[in-house]
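Structure, as structure tokens:
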Amino acid sequence: MKGSFLIGQRTMKTALGSGISLFIAESLHLQNYSTAAVITLLSIQNTKKKSFSVAIQRFVASIIAMLIGWFLFEELNYSPITVVIYFLITIPLLVKLKLREGVVPSSVIVLQLYITQNVKFTYFLNEIAILAIGISIALIVNSYMPSIEETMINSKEQIEQNFKMILFFIALYMKEKEQSPPQKMTLETMELIKKAKTLAFTEVENSYFRANSYYIDYFEMREKQFEIIQVKILPLLQRIDCSYPQASMVATFIEDTGVYLKEKSTGAELILKLHLMKEEFETMPLPASRHEFETRANLLMIVNDLESLLNIKAEFSKK
């Protein structure tokens, strides 16, 4: 519906988590309890692993920042100049320690220390409790991540179908000089592969213990194959005279490649068939003209590119 207002999953988790953190911190009568909600808001990320990494960075950074802040405020004084010195020391240090994600929340906590001018041990425990609540609730809320495997399966099937259609158009062009693969389809396939790879990486990032990279490997394999088709094979089509018998032979082989391009096919039979076709080429009469020589040379380049395409699939099947 036009103009509809949709609330995303991350927004829902952020709102719910922040509310829970605020409720817990307030119920425990902690000072500056609203900070727990802010920390939860900042700690909810797009993936589980990212959330966990950010949580660790923020907790460690906040402890370091509180110690630096306490030392500076006690040794110097509670003044804006001291705050400037604090930032000049702490920000580069946290970046150097690869705790960049902890700069903002740790700064909030130290500024609260500046406002309250309270350096008692109980106050430090109060701030650590706020950190623990904010980070823990963020991790708990963000532990729910719906599986996107079904989406990846659908993407895989669509990519395979597009590959088949592109190869069919190539074969048809080589046989009858019909239309080459539509540019829209090649662009769509490239975009499908990019999005599918992103989904595959996200799925791995959403698992703490299971690091199955199958879909990443699969979509990277298709990406390499598609690059061969788009960058090498398609440009050669315009330089081929399809009237020669070798063109028809290559076209038939390309059709077969499209049929056996499915996920579970190793491509071994096609590689054998390709080698036999190359041997048959060698037994044919030599080119009778320069034009025929150039056409057959371009056809051989396509055959070699097809061999590379099939070898990529064969390597993937061994994993």
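Note that the sequence shown covers residues 201 to 519 in the working numbering. Virtual Cβ for every residue (Gly too), placed ideally from N, Cα, C.
Do you know offhand how far residue i's Cα is from residue j's?
i: leucine 506; j: methionine 365; result: 16 Å
i: isoleucine 328; j: leucine 272; result: 19 Å
i: glycine 203; j: methionine 501; result: In this predicted model, glycine 203 has a pLDDT of only 47, less than 50, meaning its place in the structure is not dependable; the value taken from the coordinates is given anyway. Their backbone Cα atoms lie some 53 Å apart in a straight line.
i: glycine 269; j: asparagine 246; result: 31 Å
i: isoleucine 428; j: arginine 496; result: 19 Å
i: histidine 152; j: isoleucine 263; result: This structure gives no information on residue 152, because the portion of the chain shown stretches from 201 to 519.
i: leucine 513; j: methionine 421; result: First, the residue type needs correcting, since residue 513 is lysine and not leucine in the sequence shown. Lysine 513 and methionine 421: Cα-Cα distance of roughly 7 Å.
i: serine 227; j: threonine 211; result: 24 Å
i: valine 503; j: phenylalanine 493; result: 15 Å
i: leucine 372; j: glutamate 479; result: 24 Å
i: serine 413; j: arginine 300; result: 28 Å
i: proline 445; j: histidine 475; result: 17 Å
i: tyrosine 233; j: threonine 386; result: 55 Å
i: alanine 488; j: leucine 437; result: 21 Å
i: isoleucine 281; j: glutamine 312; result: 16 Å
i: phenylalanine 321; j: glutamate 349; result: 49 Å
i: threonine 290; j: isoleucine 256; result: 17 Å
i: asparagine 277; j: phenylalanine 287; result: 15 Å
i: isoleucine 471; j: asparagine 511; result: 8 Å
Taking the CB atoms as reference points, tell me whether residue i and residue j lie closer together than 8 Å.
i: valine 310; j: methionine 345; result: no
i: tyrosine 418; j: lysine 375; result: no
i: serine 407; j: alanine 338; result: no
i: leucine 236; j: serine 221; result: With the sequence shown as reference, residue 236 is identified as alanine, and leucine is not the correct amino acid for it. Result yes, Cβ atoms of alanine 236 and serine 221 sit closer than 8 Å.
i: isoleucine 416; j: isoleucine 335; result: no
i: leucine 509; j: glutamine 425; result: yes
i: lysine 397; j: glutamate 360; result: no
i: alanine 400; j: methionine 449; result: no
i: isoleucine 454; j: leucine 392; result: no
i: glycine 208; j: valine 341; result: no
Which two residues bound the contiguous alpha helix (DSSP H) that contains residue i?
i: alanine 237; result: 234-243
i: isoleucine 263; result: 248-275
i: lysine 296; result: 280-296
i: valine 304; result: 303-316
i: lysine 384; result: 383-405
i: glycine 467; result: No alpha helix (DSSP H) holds glycine 467; DSSP gives it neither H nor E.
i: aspartate 456; result: 445-459
i: arginine 496; result: 490-517
By the 10 Å Cβ neighbour count, where 16 or more other Cβ atoms means buried, how is residue i classified, buried or exposed?
i: methionine 201; result: Since pLDDT at methionine 201 reaches only 42, below the 50 mark, its modelled position is unreliable, and the value read off the structure follows with that caveat. Exposed is the call here.
i: phenylalanine 205; result: Here phenylalanine 205 scores only 45 on pLDDT, less than 50, and its place in the model should not be relied on; the value that follows carries that caveat. Classification for phenylalanine 205: exposed.
i: tyrosine 333; result: Strictly speaking, residue 333 in this sequence is isoleucine, with tyrosine absent from that position. Classification for isoleucine 333: buried.
i: lysine 157; result: With the chain represented from 201 up to 519, any question about residue 157 goes unanswered, as that position is not in the structure.
i: valine 520; result: Nothing can be reported for residue 520: it is not among the residues displayed for the chain, which extend from 201 to 519.
i: arginine 258; result: buried
i: glycine 219; result: exposed
i: threonine 483; result: exposed
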